[in-house]
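Numbering (my numbering), first residue to last: 128 to 722.
Below you can see the structure in the form of C-alpha cells.
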C-alpha cells in the first residue's frame, strides 16, 4: 500500500502547486508579453503595408520601363532604316506612286522591327506625304491603313507645347472608354514642316495585365498617369474614385520622381497615392489605395492578437493541468522502448541514472535483456554463416574431381603412344585447371579467371575429342573484372559436351557469351547438340525452381551450381535452361554484378 500511495500524493501536490501558483503567473506573463508584441506587430504591419506597395510600384515601373525601352529602341532602328528613308525621300516627288516592289521593301523594313514585338506591339503604321505612303503592319493581313489619330490635331498640340520633342508617347481613350498607347515619331525637316509619322501602337492587353495583376487591396489599383490621360482597368467602388484631373495634378505639380501623397476625393474618403516615374517617357506609375482599407488589416490584427491572447491563456490552463501528469512520462518512454523491441529494433539507448525507483529498475532489467538478446542474435548469425560456408565448401569439393580420372587416363595413353608434347600440354592445362579450382581457398574469383578455367578444361577435352567439337568464348572486356563463384561454368560446359554434342554423333559447337544488364550479369552456355524433349526440359527447370536439398531430378553438377549461386547471390539468381530436341541447348547463368 505504501508503494502506491507515495506517487499519488506527489501527483496531487504537484497539481495543486501548478493550478494555484503557476497559472496566475503564466496568465500575467502572457497578457504583458501579448500587449507589447501586439503593439510592435501593429507598427510593423503599417510599415510593411507601405513597403509592400512601394515594392509593387517599383517592380511594375522597372518591368514596364524595360519593355517600353525596347519599343523606343525599335522605333529608332526603324527611323534610321536606309531602305525606308530612301522610299520616303522618293515620295517627295510630285509624280511618285508606290510600286509593288516598294510595298515589298516597306514590308521588309517594318518586319525587321515587328518580329521583335514580344507580345507587346500591336501594329506599326507609316503615314507620309499626305498618304502617298500609307502602310500598316499587324499580325493579320489587311489592306486597310487607318490613322488612329488626327495628324493636324497632334501638330496643333505640338505647337501649343514648345518643349515637346518629335518623339512622343501618347495615351488616347476612344468613345468606348478603351485606352491604347501609341509611340509616335514625327517625320519632317522641322517642327513647322511635319510630313508624316511613324507610329507604334502597343497592345492594351499588355497594360491591362501589368496593372491588374498586383493585388493591393479590394479597392486599391495601379494606374498610369501622363499629361494626356490616365489609364487604369480595375473596377472599384465609386466612393473610392479619384478623377483623372485629381491624378494629373501629381504629374503636373509634383516635381519629385517618386513619393507618396494623400488626397481626399469627392466622397470625402482619404486616398493614399504612392508613385514612381518611368525614365523612358516620364509617366507616373501610381498605386491608389483607400486609407481605411490599408489600415483595415492592421485593425484585424489587433483583434486577432487579443483573440490569440485569450486562446493562449486557455491553452496555458490546459497545459498546466497536463503538466501535473509529468510523473507518467517515464512510463510512456518505457512503453515506447518495449514497442521498439517488438518491432525488432534493439538499438535503444537507456539512461544511466542511479535513482532507485520502480521505473529505473525496469529500465535496467530491459536493458540487460536486450544486451543478452543481441549477443544471442550475433551468435546465431555467426553459426549460420559458418554453416553456409561449410556447405559451400562441401559443394565445391563435390564437383572438383569430376573429370580427373578420364583426363589422367588420356595422358597415360598419349605417353604410351609417344605423344609426349601433346601429353605435356594436357598436363599443363590440367595443372592450371586445378590451380584455378583451388584459388588459394577463395570462393569468389574474377570472371576472367573463370574463363581461363573453362579454357583449360576445353583444351583438355579438345586434346581428347578434337574431332568432335569446336568452341568460341565471347565475354565483353568490361565484364572480366566482375566477380563470380568459381567452378560455375565448367560443369555446364561438361554437360554440353557429354549430353549434347557427343549424343548427336557429329561435330558440334560450344558457344560461351556474356552481357551485363543493370545490376546483373548474364552468361550463356550454348551448344548445337542433341537437345532435350519438352517434357525433360520442363522437368529440369521445375526441379531448379524447387527449394530442395535433393539433386536427383537435375543431376549432381547442375544442382550444385544452381544451389551455390542462390546461396551466394539470392533466390532470384541461378540457372535456367532452354532447349529444342535435335537443335541444341542454352543454359542461362544469372549472377549479381559485383566489382
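Glycine included, C-beta positions come from ideal geometry on N, C-alpha and C.
For this session: Alpha carbon to alpha carbon, how far is residue 552 from residue 597? Give it in angstroms, no decimals.
Result: Approximately 18 angstroms between the Cα atoms of the pair.
Exercise. When the distance is taken between beta carbons, is residue 323 closer than 8 angstroms to residue 241?
Worked result: No. Outside cutoff.
Exercise. In the DSSP assignment, what residue or residues form a beta bridge with residue 636?
Worked result: Beta-bridge pairing links residue 636 to 597.
Exercise. Helix, strand or coil: how does DSSP classify residue 662 here?
Worked result: Residue 662 carries a helical assignment under DSSP once its states are collapsed to helix, strand and coil.
Exercise. Where DSSP assigns a beta bridge to residue 263, which residues make up the other side?
Worked result: Answer by DSSP bridge pairing, in chain order: 252.
For this session: Compare the C-beta of residue 295 against all C-beta atoms of chain B and say whether one is closer than 8 angstroms.
Result: No chain B appears in this structure, which consists of one protein chain only.
For this session: Let me know if residue 362 comes out buried or exposed under the rule of 16 or more other beta-carbons within 10 Å of its beta-carbon.
Result: Classification for residue 362: exposed.
For this session: Taking all protein chains shown into account, decide if residue 347 is buried (16 or more other Cβ within 10 angstroms of its Cβ) or exposed.
Result: Burial call: buried.
For this session: Could you tell me the distance, in whole angstroms, from the CA atom of residue 593 to the CA atom of residue 562?
Result: Cα atoms of residue 593 and residue 562: separation of roughly 24 angstroms, rounded to the nearest angstrom.
Exercise. Going by the CB atoms, is the gap between residue 612 and residue 571 shorter than 8 angstroms?
Worked result: Contact check for residue 571 against residue 612 passes: the beta carbons are separated by less than 8 angstroms.
Problem set entry | Contacting residues, own chain, Cβ-Cβ under 6 angstroms from residue 581 (five flanking each side not counted) | Excluding residues up to 5 positions away in sequence, 616, 617, 620 lie with their Cβ nearer than 6 angstroms to the Cβ of residue 581 in the same chain.
Exercise. Identify the residues that DSSP records as bridge partners of residue 308: which are they?
Worked result: Answer is 298, 329.
Problem set entry | Proximity winner among 535, 504, 578, relative to residue 591 (alpha-carbon distances) | Residue nearest to residue 591 within the set 535, 504, 578 is 535 (criterion: CA-CA distance).
For this session: Classify residue 155 as buried or exposed, calling it buried when 16 or more other Cβ atoms lie within 10 Å of its own Cβ.
Result: Result: exposed.
Exercise. How is residue 512 classed by DSSP in three states: helix, strand or coil?
Worked result: It is helical.
For this session: Look at the Cβ atom of residue 628, then the Cβ atom of residue 658, and state whether they are nearer than 8 angstroms.
Result: Not closer than 8 angstroms, so no.
Exercise. With C-beta atoms as the reference, is residue 368 less than 8 angstroms away from residue 389?
Worked result: Here residue 368 is not near residue 389, since their CB atoms are 8 angstroms or more apart.
For this session: Please work out which residues of its chain come closer than 8 angstroms, Cβ to Cβ, to residue 208, disregarding the five sequence neighbours upstream and downstream, and give them in chain order.
Result: Scanning its chain for C-beta atoms nearer than 8 angstroms, with the 5 sequence neighbours on each side dropped, one finds around residue 208 the residues 236, 239, in chain order.
Exercise. On the three-pair Cβ rule with 8 angstroms, is the stretch 393 to 402 touching the stretch 195 to 205?
Worked result: No, the stretch 393 to 402 is not in contact with the stretch 195 to 205.
For this session: Starting from residue 654, follow the beta strand (DSSP E) in both directions and report where the run begins and ends.
Result: From DSSP, the beta strand (DSSP E) with residue 654 extends over 647 to 654.
For this session: Determine which residues share a DSSP beta bridge with residue 413 and list them.
Result: 350, 402, per the DSSP bridge assignment.
Exercise. Who pairs with residue 704 in a beta bridge, going by DSSP?
Worked result: Looking at the DSSP assignment, residue 704 forms a beta bridge with 714.
Exercise. Are the CB atoms of residue 399 and residue 188 nearer to each other than 8 angstroms?
Worked result: In this structure, residue 188 does not lie closer than 8 angstroms to residue 399 by Cβ.
For this session: Please name the residue in 600, 707, 246 whose C-alpha comes closest to that of residue 662.
Result: Here the closest residue by C-alpha is 707.
For this session: Measure the C-alpha to C-alpha separation of residue 153 and residue 440 and round it to an integer number of angstroms.
Result: Taking the Cα positions, residue 153 is about 8 angstroms away from residue 440.
For this session: Label residue 112 either buried or exposed according to how many other C-beta atoms from any shown protein chain fall within 10 Å of its C-beta, with 16 as the threshold for buried.
Result: Residue 112 is absent from the structure shown; the chain starts at 128 and stops at 722.
Exercise. Per DSSP, residue 357 is paired with what?
Worked result: DSSP lists 352 as the bridge partner or partners of residue 357.
For this session: Check each candidate in 692, 330, 256, 342 and name the one with the smallest Cα separation from residue 647.
Result: Residue 647 has its Cα closest to that of 692, out of 692, 330, 256, 342.
Exercise. In or out: residue 445 buried (at least 16 other Cβ within 10 Å) or exposed?
Worked result: Around the Cβ of residue 445, a 10 Å sphere holds fewer than 16 other Cβ atoms; the residue is exposed.
Exercise. Three-state secondary structure (DSSP) at residue 397?
Worked result: It is a strand residue.
Exercise. Leaving out the 5 sequence neighbours to the left and right, which residues in its chain are closer than 6 angstroms to residue 315 when beta-carbon positions are compared?
Worked result: Once the five neighbours on either side are set aside, the close Cβ partners of residue 315 are 321, 322.
For this session: Look up residue 388 in the DSSP assignment and say whether it is helix, strand or coil.
Result: Strand.
Exercise. Would you say residue 413 and residue 377 are within 8 angstroms of each other, going by their C-beta atoms?
Worked result: Yes, Cβ-Cβ distance for residue 413 and residue 377 is below 8 angstroms.
Exercise. DSSP state of residue 643, grouped into three classes?
Worked result: Here residue 643 sits in strand by DSSP.
For this session: Output the distance between the C-alpha atoms of residue 640 and residue 545, rounded to the nearest integer angstrom.
Result: Just so you know, the alpha carbons of residue 640 and residue 545 end up roughly 37 angstroms apart.
Problem set entry | Under the three-state DSSP convention, the category residue 573 falls into | When DSSP states are grouped into helix, strand and coil, residue 573 belongs to the strand group.
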